[in-house]
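Take a look at the structure below.
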């Protein structure tokens, strides 16, 4: 399959991995010596989060940016220019509050690079709106409970419920992050069906074969 090149703003070169992203991946590999998988994965995600400056991104700011760009249809495919436009809005806002920490062109390039590596493994040059939202919000700052509520709402039906298919979609998108970091095996592999069944086993009854998982606010 043909690779879709990315033109990076600063280096003015065309390649798949930004040089700084290559350096980041090498530094992440150094963490493979950490023995326990949960700690190792957490350290990798934290290093990635800080490198992309997503530890500065407030959950509400991200939501407002998605709304500003009319990213309401989570099944919609975004092209590279679409993703760049959204990321530029996000990082422009972050730069205003953290001028010494945020280099907008570099952050946009690296975050774009990371999103495509995670969610566009076929290198089509497109990712779904849902994929970008889950990727960015998973690494944003904020209380975990608020993140869970927002991520759940992206796949839930009206009434804050979701069936097994919807929950499976959410978990599939989320598991791509540790997969790309080489840590998916420690969390049950890429097959999310056992996790979905585990979530539903307490709500399924003989009369309720299509049980709904309900978000408790």
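Residue numbers (UniProt numbering): 1 to 217. Backbone N, C-alpha and C fix where the C-beta goes; we use that ideal spot for every residue, glycine too.
Let me make sure I understand the geometry here. Which of the options has the alpha-carbon closest to that of residue i?
i: residue 169; options: 156, 178 and 180; result: 156
i: residue 81; options: 125, 71, 72 and 42; result: 125
i: residue 184; options: 42, 24, 20 and 27; result: 42
i: residue 21; options: 171, 150 and 51; result: 51
i: residue 200; options: 120, 74, 165 and 34; result: 165
i: residue 57; options: 149, 27 and 101; result: 101
i: residue 67; options: 47, 167 and 154; result: 154
i: residue 120; options: 78, 147 and 148; result: 78
i: residue 103; options: 54, 69 and 187; result: 54
i: residue 18; options: 138, 117 and 160; result: 117
i: residue 171; options: 163, 192 and 188; result: 192
How is residue i classed by DSSP in three states: helix, strand or coil?
i: residue 53; result: coil
i: residue 41; result: helix
i: residue 141; result: strand
i: residue 157; result: strand
i: residue 100; result: coil
i: residue 218; result: Outside the shown range of the chain, which is 1 to 217, sits residue 218, and nothing can be said about it.
i: residue 17; result: coil
i: residue 35; result: coil
i: residue 147; result: helix
i: residue 121; result: coil
i: residue 131; result: helix
i: residue 192; result: coil
i: residue 182; result: coil
Which one or two residues does DSSP pair with residue i in a beta bridge?
i: residue 199; result: DSSP, once it has assigned bridges, lists no residue as partnering residue 199.
i: residue 126; result: 79
Quick one: using the 10 Å Cβ neighbour count with 16 as the cut-off for buried, is residue i buried or exposed?
i: residue 144; result: exposed
i: residue 176; result: buried
i: residue 224; result: Shown here, the chain extends from 1 to 217; a query on residue 224 therefore has no answer.
i: residue 29; result: exposed
i: residue 135; result: buried
i: residue 36; result: exposed
i: residue 140; result: buried
i: residue 146; result: exposed
i: residue 115; result: buried
i: residue 44; result: buried
i: residue 173; result: buried
i: residue 24; result: buried
i: residue 72; result: exposed
When you compare the segment 127-134 with the segment 99-111, are there three or more beta-carbon pairs, one atom per stretch, that lie closer than 8 Å?
no
Evaluate contact between the segment 60-67 and the segment 81-99, counting only Cβ atoms and requiring at least three cross-stretch pairs below 8 Å.
yes
State whether the segment 96-106 contacts the segment 179-195, with contact taken as three or more CB pairs (one from each stretch) at a distance under 8 Å.
no
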